[in-house]
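K.L.:
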Amino acid sequence: MNAYSELRNALNTLNTHSNSTTRRLDTTYYSVLEKLSTLQSTITSLKELAHLTRGLTEEFSTEAQEVVDDVTGQLDGFDGFREQEERLKALQERVGTGRARIKELGERVEVVRERVEGWEVAEGEWQDKTRRRLRVLWVGMSLVAGIIVVLMAVQYTPARELKVMGNSSEGVKGSNATGLLGVIPDIAGVREEGSEEWTLASTGMGEKVMEKLREGERGRDGNGEEDPRLRVFDEL
Numbered sequence: 000m001n002a003y004s005e006l007r008n009a010l011n012t013l014n015t016h017s018n019s020t021t022r023r024l025d026t027t028y029y030s031v032l033e034k035l036s037t038l039q040s041t042i043t044s045l046k047e048l049a050h051l052t053r054g055l056t057e058e059f060s061t062e063a064q065e066v067v068d069d070v071t072g073q074l075d076g077f078d079g080f081r082e083q084e085e086r087l088k089a090l091q092e093r094v095g096t097g098r099a100r101i102k103e104l105g106e107r108v109e110v111v112r113e114r115v116e117g118w119e120v121a122e123g124e125w126q127d128k129t130r131r132r133l134r135v136l137w138v139g140m141s142l143v144a145g146i147i148v149v150l151m152a153v154q155y156t157p158a159r160e161l162k163v164m165g166n167s168s169e170g171v172k173g174s175n176a177t178g179l180l181g182v183i184p185d186i187a188g189v190r191e192e193g194s195e196e197w198t199l200a201s202t203g204m205g206e207k208v209m210e211k212l213r214e215g216e217r218g219r220d221g222n223g224e225e226d227p228r229l230r231v232f233d234e235l
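Start counting the sequence shown at 0; every next residue gets the next number (numbering that gives the first Met the number 0).
Have a look at this one:
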């Protein structure tokens with residue numbers, strides 16, 4: 000009995016141990032299968048990544064070659080940037096020339112400004128002189144006009160007196176001063192002879208008037224009677 004119990008206990012222990020071992024093996028197997036599937040998916044992803052990387056590398060190489068060819072063509076077209084350097088040098092020369100011209104034009108503008116200021120000063124002085132001359136001219140013209148008015152008044156005043164005296168005298172009926180005014184020379188005509196001859200013309204004015212009156216009377220009347228106006232001048 001004891002041996003049978005021991006064997007039975009040993010079988011139970013062995014069965015329990017085998018079951019636990021089987022469970023462990025199953026767990027390990029499932030774990031390995033899971034890891035294997037994960038590894039397979041990783042390998043597949045790596046293959047796809049390698050394929051994409053290969054295509055990207057080829058595409059990059061192609062585009063890089065195109066860029067290299069384009070840059071090389073541009074460099075060949077630029078001839079080593081010589082044309083650009085020549086343009087830059089020409090531009091620098093033009094800038095220097097422009098600066099020199101600007102400086103020269105600035106000096107010219109300064110000279111012109113000084114001249115304009117001088118012209119403004121001269122114009123101001125000329126305007127002052129012109130105002131003074133105009134004032135003197137106006138004063139002179141006013142004096143000349145006053146003298147002319149006075150002389151005309153002096154010229155025509157005796158004619159009015161002669162008219163009054165002729166109306167009051169016996170032998171001068173119907174006579175007036177218009178005949179005297181007709182034979183009296185114009186003051187403007189006397190003045191045109193010059194200022195130096197004015198006194199002489201004024202002095203001989205009476206004699207000329209008398210001669211013209213006598214000649215006119217002789218032409219109109221052949222009897223030689225004396226004109227009443229001559230008597231008026233004799234009375235004067």
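Note that CB positions come from ideal geometry on N, CA and C, so glycine has one too.
Treat the numbers as computed from the prediction; the structure is a model and nothing was measured.
#1: Where Q73 and I42 are concerned, what is the direct C-alpha to C-alpha distance, given to the nearest angstrom?
#2: Mind listing, in chain order, the continuous alpha helix (DSSP H) runs of no fewer than 4 residues lying wholly within the stretch 118-152?
#3: To the nearest angstrom, how far is it from the Cα of S4 to the Cα of N18?
#4: Please classify L13: does DSSP put it in a helix, a strand, or coil?
#5: To the nearest angstrom, how far is it from the Cα of D25 to the Cα of H50?
P.N.:
A quick look at the data gives this:
#1: Sequence index remark: in the sequence shown, residue 73 carries index 74 (1-based). Sequence index remark: in the sequence shown, residue 42 carries index 43 (1-based). Each residue's alpha carbon lies about 45 Å from the other.
#2: With a minimum length of 4 residues, no continuous alpha helix (DSSP H) run stays inside the stretch 118-152.
#3: Walking along the sequence shown from the start, residue 4 turns up at place 5. Walking along the sequence shown from the start, residue 18 turns up at place 19. Between S4 and N18, the C-alpha separation is close to 21 Å.
#4: Numbered from 1 along the sequence shown, position 14 holds the residue referred to as residue 13. In the structure shown, L13 sits in a helix (DSSP, three-state: H, G or I).
#5: As a position in the sequence shown, residue 25 is number 26, starting the count at 1. As a position in the sequence shown, residue 50 is number 51, starting the count at 1. Within the model, the alpha-carbon separation for D25 versus H50 is close to 37 Å.
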